[in-house]
Amino acid sequence: MRYQKLAAAALTLTAGVTFATQASAETRGYVISWFATATNAADFKANCPEDRNKGRIEWTIRDLIAVGYTKEQATEIVATAVDSVTLPPEIQNKMDTRAVVAGKPASVYNYPEAVADPNIETVTGKYAYGFDLGGANRANKFEDPDTHQLIDNQLWRAVGCTESFRAVPPVMPYPEELAWNTMVDSAPGWAIQITGNDLSKDGKVTITLNRTTQHPERDSNGAVMTNVSYIIDDSPRSHNVLQGEIKNGVLSITPAFVRLQGEMPYYSEIAIRDTQMRIKFEGENLVGYWGGYINWIDYVYMYTARPANGSDSIGLYHALKKMADAKPDPKTGQNQEISATFRMEAVPAYLTKLDGTVVAAPGPGGGRAINTSAR
Amino acid sequence: MTHRFGFLWRTILLATAFSSTVYAAESAAPEIPLSLRISPQEYHKTIADVFGSDIVITGRFEPEKREEGLMAVGARSANISADGIELYDNLARGIAAQVVEPQRRKTLFKCAPRDVATRDDACTRSFLASAGRFLFRRPLTEQELTARVRRAGDVAEKKGDFYAGISAVLSEMLLAPQFLYRIRKVEPDTANPGQNRLDSYSRASMLSSYLWGSAPDDKLLKAAESGELLTAEGLWLQVDRMLSSPNVEGGVRAFFSDMFGFDEFETLSKDATFFPRFTPKVVEQAREQTLRTIVEHVVGERRDYRDLFTTPNTYLTRPLAAIYNVPIVDKADNAQPDRWIRYTYPENDPRAGILSQISFVALHSPAGRTSPTLRGKALREYIMCQAVPAPPGNVDFKLVQDSSNPNLRTARDRLSAHATEAMCTGCHKITDPMGLALETFDSGGGYRTSENDAPINTTGEHRGIKFDGPVGLAKVVRDDPAITTCVAKRSFAFAAGRSPTANDPAWQQIEKQFKDSGYNVIELMRRVATSEMIYAIPAQTASAQPVK
Chain A
1 MRYQKLAAAA
11 LTLTAGVTFA
21 TQASAETRGY
31 VISWFATATN
41 AADFKANCPE
51 DRNKGRIEWT
61 IRDLIAVGYT
71 KEQATEIVAT
81 AVDSVTLPPE
91 IQNKMDTRAV
101 VAGKPASVYN
111 YPEAVADPNI
121 ETVTGKYAYG
131 FDLGGANRAN
141 KFEDPDTHQL
151 IDNQLWRAVG
161 CTESFRAVPP
171 VMPYPEELAW
181 NTMVDSAPGW
191 AIQITGNDLS
201 KDGKVTITLN
211 RTTQHPERDS
221 NGAVMTNVSY
231 IIDDSPRSHN
241 VLQGEIKNGV
251 LSITPAFVRL
261 QGEMPYYSEI
271 AIRDTQMRIK
281 FEGENLVGYW
291 GGYINWIDYV
301 YMYTARPANG
311 SDSIGLYHAL
321 KKMADAKPDP
331 KTGQNQEISA
341 TFRMEAVPAY
351 LTKLDGTVVA
361 APGPGGGRAI
371 NTSAR
Chain B
376 MTHRFGFLWR
386 TILLATAFSS
396 TVYAAESAAP
406 EIPLSLRISP
416 QEYHKTIADV
426 FGSDIVITGR
436 FEPEKREEGL
446 MAVGARSANI
456 SADGIELYDN
466 LARGIAAQVV
476 EPQRRKTLFK
486 CAPRDVATRD
496 DACTRSFLAS
506 AGRFLFRRPL
516 TEQELTARVR
526 RAGDVAEKKG
536 DFYAGISAVL
546 SEMLLAPQFL
556 YRIRKVEPDT
566 ANPGQNRLDS
576 YSRASMLSSY
586 LWGSAPDDKL
596 LKAAESGELL
606 TAEGLWLQVD
616 RMLSSPNVEG
626 GVRAFFSDMF
636 GFDEFETLSK
646 DATFFPRFTP
656 KVVEQAREQT
666 LRTIVEHVVG
676 ERRDYRDLFT
686 TPNTYLTRPL
696 AAIYNVPIVD
706 KADNAQPDRW
716 IRYTYPENDP
726 RAGILSQISF
736 VALHSPAGRT
746 SPTLRGKALR
756 EYIMCQAVPA
766 PPGNVDFKLV
776 QDSSNPNLRT
786 ARDRLSAHAT
796 EAMCTGCHKI
806 TDPMGLALET
816 FDSGGGYRTS
826 ENDAPINTTG
836 EHRGIKFDGP
846 VGLAKVVRDD
856 PAITTCVAKR
866 SFAFAAGRSP
876 TANDPAWQQI
886 EKQFKDSGYN
896 VIELMRRVAT
906 SEMIYAIPAQ
916 TASAQPVK
């Protein structure tokens, strides 16, 4: 069928669209349709046996106590708040500005360091998704439920006992879901090109990550639509060329730094040092994990950018700071990076250059994908 | 509200009764009535042309009905129900309120009131005479104008607002039958004593509706006023002028929207589980895609109508291109509205021609599966003007509709089993061979090669010619004389509000001219618009008495 073989060789269509695929290789295009902290929350009790962090109500009571209310008063304030969430403005303001900087009240979200560590519970369970990043402290290691390797993922240890991260895919952790759904209809997307001789077989591949100039197009279910055309943003800031391999149907890469520019209030950027990937071809989509070291402060910005996002901002700040496990500051000794893993999904897409050259297509052989649905 | 309607419609009925030459839809000659309710498209276009395209029209219209294959023919017997009056009233109020908004006054009013807090009859008269001439498609009579100026003044005085008076009267004019209906008026034919003819303004409104999908412009109304439209030479001049205008796109859009049954888009939706790419935006864009394809082909390039069924050229947006599974480069800034990008398919691509577009394959499929029968029926009825009988009342559709039957995996399998029932065979022979050729397009317009893992067989035969798949079908349809006869017949009916008489020599001449022009639709429109056939008064009406 011509459709399947369409772009096996370079073709020129009169729509000003040129296929650039080499005859000897195929390049498939994708756009990221899901990206968030990799959770492993199916067995919460095993992860967090004390279950002392609880949820928003509990940490709001905790913060009210921190500004001088008794436990009974704090419980009463929350009980009478609209939806147990919206406190009277004067009380909310008192909590929000309880940080003290240079003797003056300041925002706890801007100065979380100036607020006492509430010492939230962190994950003590055995399992988390991730990669062996070479972390020396064996006590910090988790076991990956899929690969059963010992892995480094202190990010999950820090956030995993918090209610807002108690999410099982396809549900995203609440702060990221909120941010994703706020931004996906306006923030430019992230594109993935995978080039190899035959992507249906094991072998060496090249993975190219770029930002697109357009935001992801949504489908009728609110998911990212498949087979949409995107123009690659040629900015070097988000251009990543990675060497990889497909083995037993799983794509991995040689560790490398990955940087993709993002948009607030989602991640201002995805910047992962020593990134490793484990990506499967599931149907026409990609599903997998990216892991490496990230700047934990950048991660904090992701959820403190919107104070009322359902996260325990102060508790998480201090937990992340304590769990950070790499790149110590030469002066203070405080680790600036934390081992982390993100779960991602991507859907097929046409990727083009601004001049009309098609650099990647969704289907096998670089051609059009075919719907084999029963309908 | 009731009081307002009562007042208005009493006024309308009185006005109608006063006019000795106005015939209502329920005239004494119901087979060829003289008044046609304007379509929602013509309503929109007229308001845009008269008051500006930035006037937002929100709300529903009274449903249309299809007769002789066209809404434009159904319009001759389209009444307005009590609920419909309310719908039109809401539309009218919304439009009138926008017209008098401060930012539009400088553009839409040639005068400013001496005192904005009260009446200014001279300024009111100036505005109503000007706007009313376009809305009623003729100059207002002195009686009509005087009454409306008085009423606008009374409202202005009562509310202390000149523009409130204008708005009140304008909304009433937008609810008047003189606006909502294209009223055809007869007058004595001076060239043929004892006979009647359509008057000049009726001809003008027919022409503008047919060629532009809108109300007459100033030049056309002047030609009507001078009597130019009653002469063959004058008529040709105006038709030539109108067909050279960019506005002809409006007429072509209106006609093909009607002929191809695009009103069905109003209720088109797909099961999101199976067709997630089929978003509301896609529904809106699919209709526009086909209309753009037609306009470019018919108006821009003046190409052979038959080639619409095989043309590789179309226009796509990113969401449409995703369904058609082709790349396009839209260089619009992020988050800007989708742009239309011209796209040309390679030779012999199954997507060539308008039959492969969502506006056909998805429009004529149920929400969750395809229906070769519905597609074949649509092809026969909309494109070939051939009648397909309705299924018998007691027919059992279970076999056809159960797409999960493991023994009948493809639509062809299911239809073959269904068609063994004698009562079904006949009709399915008419519809299914053509519909089955399009089975590689799923209900959402996507391309597929198999159904339930069984390969799809797209072979068929039409008029003794065997074909395979959408490409083969498109060529067979392109070469079927039924499609050119059909478009000519529908074009005439769209203009006249009735179908032509097949054995009329004048009609046969139009068909020949259409053929001689290389099936150029614009030439067809020229011949129809300049033919006295469409302006002919039916025998009963030639001496008919007006409705009392």
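The listed protein sequences derive, respectively, from chains A and B.
To convert, note that position 180 of the first sequence is 180 in the working numbering; the numbers rise steadily by one, no gaps.
To convert a position in the second sequence, counted from 1, into the working numbering, add 375.
Ideal Cβ positions, reconstructed from N, Cα and C, are used throughout, including at glycine.
Can you tell me the Cα-Cα spacing of residue i and residue j, whole angstroms?
i, j, result
"residue 430 (chain B)", "residue 550 (chain B)", "17 Å"
"residue 336 (chain A)", "residue 329 (chain A)", "6 Å"
"residue 510 (chain B)", "residue 425 (chain B)", "8 Å"
"residue 840 (chain B)", "residue 807 (chain B)", "15 Å"
"residue 274 (chain A)", "residue 110 (chain A)", "29 Å"
"residue 27 (chain A)", "residue 821 (chain B)", "22 Å"
"residue 70 (chain A)", "residue 62 (chain A)", "10 Å"
"residue 55 (chain A)", "residue 197 (chain A)", "50 Å"
"residue 654 (chain B)", "residue 736 (chain B)", "16 Å"
"residue 493 (chain B)", "residue 603 (chain B)", "41 Å"
"residue 256 (chain A)", "residue 97 (chain A)", "41 Å"
"residue 178 (chain A)", "residue 780 (chain B)", "42 Å"
"residue 643 (chain B)", "residue 635 (chain B)", "14 Å"
Sort the options by Cα distance to residue i and report the nearest one.
i, options, result
"residue 93 (chain A)", "A:107, A:139 and A:183", "A:107"
"residue 763 (chain B)", "B:744, B:737, B:799 and B:792", "B:799"
"residue 470 (chain B)", "B:486, B:454, B:422 and B:441", "B:422"
"residue 228 (chain A)", "B:621, B:675 and B:701", "B:701"
"residue 513 (chain B)", "B:593, B:474 and B:537", "B:593"
"residue 452 (chain B)", "B:719, B:411, B:534 and B:490", "B:411"
"residue 852 (chain B)", "B:802, B:438, B:743 and B:729", "B:729"
"residue 120 (chain A)", "A:59, A:284, A:146 and A:113", "A:59"
"residue 34 (chain A)", "A:358, A:344, A:348 and A:334", "A:344"
"residue 218 (chain A)", "B:557, B:519, B:698 and B:677", "B:698"
"residue 810 (chain B)", "B:797, B:842, B:596 and B:829", "B:842"
"residue 664 (chain B)", "B:623, B:716, B:705 and B:629", "B:716"
Buried or exposed: where does residue i fall if 16 or more other Cβ atoms within 10 Å of its Cβ makes it buried?
i, result
"residue 662 (chain B)", "buried"
"residue 667 (chain B)", "buried"
"residue 354 (chain A)", "exposed"
"residue 907 (chain B)", "exposed"
"residue 103 (chain A)", "exposed"
"residue 784 (chain B)", "buried"
"residue 619 (chain B)", "exposed"
"residue 325 (chain A)", "buried"
"residue 859 (chain B)", "buried"
"residue 363 (chain A)", "buried"
Would you please state the rounded distance, in angstroms, between the beta carbons of residue i and residue j? I believe it to be under 8 Å.
i, j, result
"residue 499 (chain B)", "residue 540 (chain B)", "7 Å"
"residue 205 (chain A)", "residue 251 (chain A)", "7 Å"
"residue 135 (chain A)", "residue 341 (chain A)", "In fact, because the Cβ distance is near 13 Å, the residues do not count as touching under 8 Å."
"residue 279 (chain A)", "residue 291 (chain A)", "Residue 279 (chain A) to residue 291 (chain A), Cβ: 12 Å. No contact."
"residue 658 (chain B)", "residue 684 (chain B)", "At roughly 23 Å, the Cβ-Cβ gap does not stay under 8 Å, so residue 658 (chain B) and residue 684 (chain B) are not in contact."
"residue 501 (chain B)", "residue 450 (chain B)", "That pair is no contact at about 32 Å."
"residue 710 (chain B)", "residue 215 (chain A)", "6 Å"
Can you tell me whether DSSP reads residue i as helix, strand or coil?
i, result
"residue 563 (chain B)", "strand"
"residue 331 (chain A)", "coil"
"residue 848 (chain B)", "helix"
"residue 180 (chain A)", "helix"
"residue 275 (chain A)", "strand"
"residue 823 (chain B)", "coil"
"residue 323 (chain A)", "helix"
"residue 809 (chain B)", "helix"
"residue 11 (chain A)", "With a pLDDT of 37 at residue 11 (chain A), under the threshold of 50, the modelled position of this residue cannot be trusted; read the value that follows with caution. Residue 11 (chain A): coil per DSSP, three-state reduction."
"residue 212 (chain A)", "strand"
"residue 413 (chain B)", "coil"
"residue 291 (chain A)", "strand"
Does the beta carbon of residue i fall short of 8 Å from some heavy atom of the ligand ATP?
i, result
"residue 545 (chain B)", "The ligand content of the structure shown is nil, which means the ligand ATP is not present either."
With 9 Å set as the bound, which would you pick, yes or no: does the beta-carbon of residue i sit closer than that to a beta-carbon of chain E?
i, result
"residue 704 (chain B)", "Although the question refers to chain E, the structure presented lacks it and instead comprises the protein chains A and B."
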